[in-house]
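Heads up, the thing below is written out as structure tokens.
In our numbering, the protein residues as written are 433 to 490.
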């Protein structure tokens, strides 16, 4: 498994927690940061998946 996939998954989880805390505390800045972390994590995870696929096909 590509390290980007692992790191992306961790960012996604971190983003979900941050977003949830932001909602619970009424902190819109924290909530927005969480959404951004989630998006970044999903992108990084996808890139890692593509790298894995390229390795398997060669």
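Beta carbons: idealized from backbone N, C-alpha and C, even for Gly.
Three-state secondary structure (DSSP) at residue i?
i           : result
residue 484 : helix
residue 447 : helix
residue 490 : coil
residue 433 : coil
residue 459 : coil
If you check the beta carbons only, do residue i and residue j fall under 8 angstroms apart?
i           : j           : result
residue 476 : residue 439 : yes
Taking residue i as the reference, give the member of the options with the closest Cα.
i           : options            : result
residue 436 : 483, 489, 487, 488 : 483
Given 8 angstroms, three or more beta-carbon pairs between the region 440 to 447 and the region 465 to 477: Yes, the region 440 to 447 is in contact with the region 465 to 477.
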